[in-house]
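So the structure is just underneath, and the comments pick up after that.
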Amino acid sequence: MEKSPNDKGDLRYIIGSEKSLRDIISERDLMPLLKMAAGAGACVVKVSDASGGIICEYGGPADKREAGMQRPLYIEGEPAGGIVLLGEEGTDSRLEKIADLLYDSITFLMDSNLKRMLTTEIHTTVLNQSYEELLETNRKLEISRKEYRELAENLERKVQERTFELKQALARLLQQEKMASIGQLAAGVAHEVNNPLGFVYSNLSTLKRYADKFIEMLEFYRSAFKRQEFTREEIRTEQRKWEALKLDYVLSDVYDLIGQSLDGAERVRRIVADLKGFSHIDDVTVTVVDINAEIDRTLKVIAHEIPDTAEIQRNYNQLPGCCCNPALLCQVFLNIILNALQARREGLKLVISTKYVNGFIEIIFADNGHGIPDTVINRIFEPFFTTKEVGSGIGMGLTVIHDIISSLKGAIDVESSPGKGATFKVLIPSGGECNE
Amino acid sequence: MIEYDEIESRMVLKLVYYGPALSGKTTNLLNLHEQLEKKGRGDLMVLDTRDDRTIFFDLLPFYIVSPGGLKIKLKVFTVPGQVKHDATRKAVLQRADGVAFIADSQVVEATNNSQSFENLESNLAIVGLDIDTITLVIQFNKRDLDNIIPGPEVERIWKPTGIPFFYASALEGWGVVETFKSLLELTYSHIDRRYGLDERYGLDMETFIRKLTNIYEPGQAG
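Rendered as structure tokens:
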């Protein structure tokens, strides 16, 4: 078998490479045949290769043997050597037969040897090739296994990254939702503040005109006072001026205007105080909270949102303090109450009850709105879940509530039957330790 | 790919009969063996088979000497057609100087033909040969059967490729020598360009083909 290096430097096996007679048939193969030929009557029997070199020879010295027979041997049609037989004179026809027999035997042996060699060659080649291919496959598998392992490791990291991003995005959305309800509140409050401010401003304009009249009248008196007397003409003028300036009316109106303005200013002051209390702008951290007061505070800031036909009933019980961030609690109450207001505009009845139960403060908001269908009740706290029309809410309101209550280690539960309203039950742990 | 020994004035050429299982590659060689004169060739060597299916290869060797003394050994191999013997096909295909693709003309064999042709293409690439440059002829065998791809269809597909194609029935013995001759012509042209067979060794194409395709006439001395 020929081996020649290929580009990759490993061995490549070539099938059916050229073979000489010596490659195919050996002295050991030939000797028994030659002995048989000698036994049959030949004196000398030789097999030589293409260049005349003896491969195998049998028999004594050839000097007195004169008769000779030759048979050429071929490999794949190509002359490859030959057989020579020498015998005693006069045995030609006998030698002829021996030569034919020997030729047939050797050719048969060559054929079967060649066949065996080719079979071995192809078999070895295929085996080697398959082995190399297996090694290569194995190498590739090893690489891909490594890649998959890396991929799996990366995947875990990627999932963590994405989860973190999602958490952040959700937190941002929750924050936005909080701002949204505050925004709604702010719009209402702006309206509330604008009303008194409007008439305070208008009163002040009127008062400025009144002041002009007072000044004019006073200057008239002052000039007369300097001369120490009024002429008859002046006395008449004073009368006309007083009437022209409508000072009787002005004097009677001025206190009303001031009183109304003070009322208006007081209303604005109260609204700001409520808002400040609701937002707990001064209590940035955890403090002891009176939950009943916080509910009142919340109701106060959204008073303008509550229609006249609505009835809010408060069934408060004496409560122990609880330690938390009051601004967060107000946000919860605000969202629940706004929800109830949205559930029914006319004839809403909202019952808010509070009581202390086994270490928890239980706050119940029961409305008589349209309720929540059974099919969705388990999902209402999920982010982005909404039954409102597209564009009117992103479905985060109750998620914000759930989020805040969880952060306070409390719980929220809802019961509802369609058409009969919804009841939200909030549990907040009482007591606890405040930082201060 | 040609094995050429300038000092020894010796050249070994390798031709491969490729194609799907049971398309008649061995039958082609058997038929050549039968039709061509013994002079100038060796015996067909059929390695062990299993259920009469080639598992290794068959080998039909030729040997000629040019007027200028160049000894040329030509070895014609078949490959096993069965898909599972791909490693053997690759081994046999190595260093081939020319390929005869024996296709089965039966309509139902169309897929097998094209799969085998694709296999030839990829195996050639694996052993460092190129389907576009290697000497290649195609034989549509089994033309004696019914339900075969019609001639116009074959021509429509293969004429534009420029690859010589032949119709044959290896069983009936026609088209086989023509295919072989065409393969020899292309092979001759290829090596003559490179080694100057005519110029240096006085071996023109006609002589080359004639020496390798002496049709055996009964009664003529063998």
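If you're matching them up, the sequences are chains P and G in order.
Quick note on numbering: the first sequence equals residues 1 to 436 in the working numbering.
Quick note on numbering: the second sequence equals residues 437 to 658 in the working numbering.
Every residue, glycine too, gets a C-beta built ideally from N, C-alpha and C.
As the structure is a prediction and not an experimental result, all values here were calculated from the model.
Item, Value
"Quick check on DSSP: helix, strand or coil for N446(P)?", "Residue 446(P) lies beyond the stretch modelled for chain P, which goes from 1 to 436, so this question has no answer here."
"Could you check whether the Cβ of L639(G) sits closer than 7 Å to any Cβ belonging to chain P?", "no"
"Interface residues of chain G around T125(P) at Cβ under 7 Å?", "A527"
"Cβ of V528(G) within 7 Å of Cβ of V544(G)?", "no"
"When the Cα of A327(P) is compared with those of A38(P), G277(P), I337(P), which residue comes out closest?", "G277(P)"
"Between R477(G) and chain P, is the shortest Cβ-Cβ distance under 7 Å, so that the two count as touching?", "yes"
"Starting from the beta carbon of T443(P), find every residue of chain G whose beta carbon is closer than 8 Å, and list them in chain order.", "Chain P is shown only over 1 to 436; residue 443(P) falls outside these bounds and no answer can be derived."
"Let me check one thing: in DSSP terms, what residues is V376(P) bridge-paired to?", "Beta-bridge pairing links V376(P) to no other residue."
"For a cutoff of 7 Å on Cβ pairs, would you count S130(P) as touching chain G?", "yes"
"Could you have a look at K46(P) and say whether DSSP puts it in helix, strand or coil?", "strand"
"Going by DSSP, what residue range makes up the alpha helix (DSSP H) through K450(G)?", "Careful: K450(G) lies outside any alpha helix (DSSP H), inside the beta strand (DSSP E) at 446-454."
"The beta strand (DSSP E) spanning A523(G) covers which residue range?", "Careful: A523(G) lies outside any beta strand (DSSP E), inside the alpha helix (DSSP H) at 522-529."
"Secondary structure at G431(P), three-state DSSP: helix, strand or coil?", "strand"
"Less than 7 Å separating the beta-carbons of I380(P) and L408(P)?", "no"
"Would you check if the distance between the CB atom of V45(P) and the CB atom of G59(P) is smaller than 7 Å?", "yes"
"Of all the CB atoms in chain P, is at least one closer than 7 Å to the CB of K511(G)?", "yes"
"I need the DSSP call for P600(G), collapsed to helix, strand or coil.", "coil"
"Does any CB atom of chain G fall closer than 7 Å to the CB of G77(P)?", "yes"
"Report the three-state DSSP secondary structure of Q70(P) (helix, strand or coil).", "strand"
"Among the candidates N317(P), A50(P), I54(P), G16(P), whose CA atom is the shortest distance from the CA of M439(P)?", "Since the first residue of chain P shown is 1 and the last is 436, residue 439(P) is not available in this structure."
"Are the stretch 80-97 of chain P and the stretch 506-514 of chain G in contact at 8 Å, needing three or more beta carbon pairs?", "no"
"Note down, in chain order, every chain P residue with its Cβ under 8 Å from the Cβ of G448(G).", "Position check: residue 448(G) holds Val in this sequence, whereas Gly was assumed. By Cβ distance, chain P contributes E18."
"Starting from the Cα of V590(G), find the closest Cα among I500(G), D582(G), Q575(G) and give me that residue.", "Q575(G)"
"Mind checking if L483(G) is an interface residue toward chain P, Cβ cutoff 7 Å exclusive?", "yes"
"How far does the alpha helix (DSSP H) with I363(P) in it reach, from first residue to last?", "No alpha helix (DSSP H) holds I363(P); the beta strand (DSSP E) holding it covers 360-366."
"T463(G) and T490(G): beta carbons closer than 7 Å?", "no"
"Considering only residues of the stretch 188-221 of chain P, which uninterrupted alpha helix (DSSP H) runs meet the minimum length of 4 residues and lie entirely inside it, listed in chain order?", "none"
"Per DSSP, which residues does V543(G) bridge with? Please list them.", "Paired residue(s): none; V543(G) is not in a bridge."
"Name the two residues that bound the continuous beta strand (DSSP E) containing Y58(P).", "54-59"
"Three or more C-beta pairs under 8 Å: does that hold for the stretch 534-548 of chain G against the stretch 577-589 of chain G?", "yes"
"Taking the C-alpha atoms as reference points, what is the distance between C330(P) and I295(P)?", "7 Å"
"Along the stretch 488-506 of chain G, what residues have a CB closer than 8 Å to any CB found in chain P?", "F492, F493, L495, P497, F498, Y499"
"Give, in chain order, every unbroken run of the alpha helix (DSSP H) that is at least 4 residues long and sits entirely within the stretch 563-628 of chain G.", "587-594"
"Kindly examine the ligand SAM and report whether one of its heavy atoms sits closer than 6 Å to the Cβ of G632(G).", "Absent from the structure shown: the ligand SAM. Ligands present: none."
"Given that T524(G) touches chain P, what residues does it touch there, using C-beta distances under 7 Å?", "I122, V126"
"Counting only C-beta atoms, is T119(P) closer than 7 Å to chain G at any point?", "yes"
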